[in-house]
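A short worksheet on the structure shown next.
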Amino acid sequence: MSSTPPVPSQAVPPPKVLAERWSEVHSKALPVAPLVRHGDVEKYLKDLRERAPDLFGLEVVGHSVEGRALYHVSLGTGARHVLLWSQMHGDEPTATTALLDFFEYVRTHRQEPWVARMLGELTLHAVPLLNPDGAERFQRRNAQGIDINRDALALQTPEARALKGLRDRLKPFIGFNLHNQSWRHAVGRTGRPASISVLAAAFDEKRSDNPGRLLAKKVCGVIRDAVETLAPGQVGRYDDSFETRAFGDNMTRWGTATVLIETGAWTSMPPDEPLVQLNFVALATALDALATGRAAEADLARYDSIPENLSSGLVQVLLKDVGLFGADGKPFTADVGIAVTREVHRKDGQLTLVHVGKVEELGDLRVLGAVETVEGKGLFAVPLTGHAAKEGDTLRLEKPGRDVIELRQSGELMLLKPQGAASTYRVERILRF
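Reading the sequence shown from the start, the letters are residues 1 to 433 in the UniProt record's numbering.
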């Protein structure tokens, strides 16, 4: 049985309760991110419409370069319109899954007072997958090779034209621009991963405020408070420099104040389910705050005090004070930072995603945070390449002067402990990604 206290009937559940309830509806929509495909999203949305035709509207608002339908989902009857769009970058799918989980929650919990109130006060509009061609390839850009998020003014892509047309027709008072960011983003100098970063998008070079942007800032503060309940210290503030071509900045300029949510790294692997959960909680809490007016009354300081993102402030694994061999064969001591990204592999027409690790930082890395820190004093790091070794083996190093060069190109390495005999080492740990 759950140990969570009962929730007052009129209130949105607190974040920990929402997280528990998310588990009940999750995976009934789609397999978890990271690999979200257009055909799966399309099937789910059509099924959703059939299961609850009185609740969900569904229309095609355009087609991608390669002819895939761009779907607009609508729900609610309120006079105030909210627009949410996800995956305008095809390799940024976390919020797509979170949106579908949110739809499923609304469908199955529509009688809850807070859900009914939200549907009565707001009309929600969502484009869950704006770049389906990019999603099929797990790539940022669309099939033309254009970044849709830099096409708000030129409108050279059909996907951008569809989103702009929808905004102009609906004139929503606020929008949610949903993305993923690099796993190297940290929360300031804290060393913590920026699992969720938020931003109230600017509308001019001076980063001026107007009532819409102030509301977006307050919504970001509401999101911060909800997410930090589940992930303390893991909310960052994204760079608010004005980008004249970007959708979030121009949406704000056009009259739709925009909240950017960027999903980053998590504290363990694989990261997908906890990050989808955080997005679900963030969106449910923010939408309730807009429906009740609580967002307008939120403390602006909760946004202003969010630590800024540090774009290269985090690695997956940080080896501290480990021994290395230089090109001259002489040993020296340094820190080693291993970063992890995802790559698409295609086999027999099927896509799979794999984690790829690489040594990206080497030297004095005291300013970096890490998901995992390994104390390497008394150990040597060498590439695994060319060694048929396992933990516990004893081996001799051949030509150690090459190892530091090869290490920079390797995602697989060994931590070795010197033994009594010259050039003999015991394999203490093998790191593979």
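Each residue gets a CB set at the ideal place from its N, CA and C atoms; glycine is no exception.
Leu124: member of the beta strand (DSSP E) spanning 122 to 127, first to last residue.
When the Cα atoms are used, Trp183 and Trp266 turn out to be separated by approximately 8 angstroms. Residue pairing by DSSP places Leu260 opposite Asn177, Leu199 in a beta bridge. A contact is defined here as three or more CB-CB pairs under 8 angstroms, and the region 299 to 313 fails this definition with respect to the region 324 to 334.
By the Cβ neighbour-count rule, Pro128 is buried, with 16 or more other Cβ atoms within 10 Å of its own. Within the DSSP secondary-structure output, Leu413 pairs in a beta bridge with Pro383, Leu431. Of the residues Leu368, Leu413, Val344, Glu20, the one whose Cα lies closest to the Cα of Pro383 is Leu413.
In the structure shown, Gly248 adopts helical secondary structure according to DSSP, grouped into three states. Using a Cβ distance threshold of 9 angstroms, Asp364 and Ala339 do not count as a contacting pair.
In the three-state reduction of the DSSP assignment, Lys330 falls in the coil class. Cβ-Cβ distances below 8 angstroms link Gln10 to Pro113, Trp114, Arg117 in the same chain, with the five nearest sequence neighbours on each side left out; the list follows chain order.
With distances taken between CA atoms, Trp254 lies nearest to Asp204 out of Asp321, Gly67, Asp204, Gln181. Thr394 has its alpha-carbon roughly 44 angstroms from the corresponding atom of Arg140. Of all alpha-carbon atoms in Glu391, Val404, Thr123, the one lying nearest the alpha-carbon of Val427 is that of Glu391.
DSSP places Glu66 in no beta strand (DSSP E); its state is neither H nor E. Secondary structure of Gln277 (DSSP, three-state): helix. Taking the Cα of Ala291 as reference, the smallest distance to any Cα among Val222, Phe247, Asp249, Ala301 is reached at Val222. For Phe242, no alpha helix (DSSP H) segment is defined, and its DSSP state is neither H nor E. Considering only Pro53, Leu416, Ala154, Ser195, the residue with the shortest C-alpha distance to Glu273 is Ser195. The beta carbon of Ala296 sits closer than 8 angstroms to those of Leu215, Lys218, all from its chain and outside the five residues before and after it, given in chain order.
Under the rule that a run must span 3 or more residues, the beta strand (DSSP E) segments found entirely inside the region 69 to 148 read 69 to 75, 80 to 86, 122 to 127. Taking C-alpha positions only, Arg192 is separated from Ala282 by approximately 19 angstroms.
In terms of Cβ geometry, Asn131 and Gly90 form a close pair [threshold 9 angstroms]. Contact between the region 41 to 52 and the region 142 to 152 is absent, with fewer than three C-beta pairs closer than 8 angstroms.
Distance from the CA atom of Lys46 to the CA atom of Asp239, rounded to whole angstroms, is 37 angstroms. In the three-state reduction of the DSSP assignment, Val36 falls in the coil class, being assigned neither a helical nor a strand state.
Between the alpha carbons of Arg21 and Asp101 lies a gap of roughly 10 angstroms. C-alpha of Gln87 to C-alpha of Lys43: approximately 17 angstroms in a straight line. The three-state secondary structure of Ala282, taken from DSSP, is helix. Judged by DSSP secondary structure, Glu375 falls within the beta strand (DSSP E) whose first and last residues are 369 to 375. Gly188: not part of any beta strand (DSSP E); DSSP gives it neither H nor E. Residue burial annotation: Gly236 is buried, with at least 16 other C-beta atoms found within 10 angstroms of its C-beta. Between Phe56 and Val73 the beta-carbon gap is near 6 angstroms, inside 8 angstroms, which marks them as a contact. For the 9 angstroms CB-CB criterion, Lys320 and Val367 do not form a contact. Taking a C-beta distance under 9 angstroms as the contact criterion, Leu431 and Tyr425 do not qualify as a contact pair. Here Glu66 has Asp133, Ala143 as same chain residues with Cβ atoms under 7 angstroms from its own Cβ, once five neighbours each way along the sequence are excluded.
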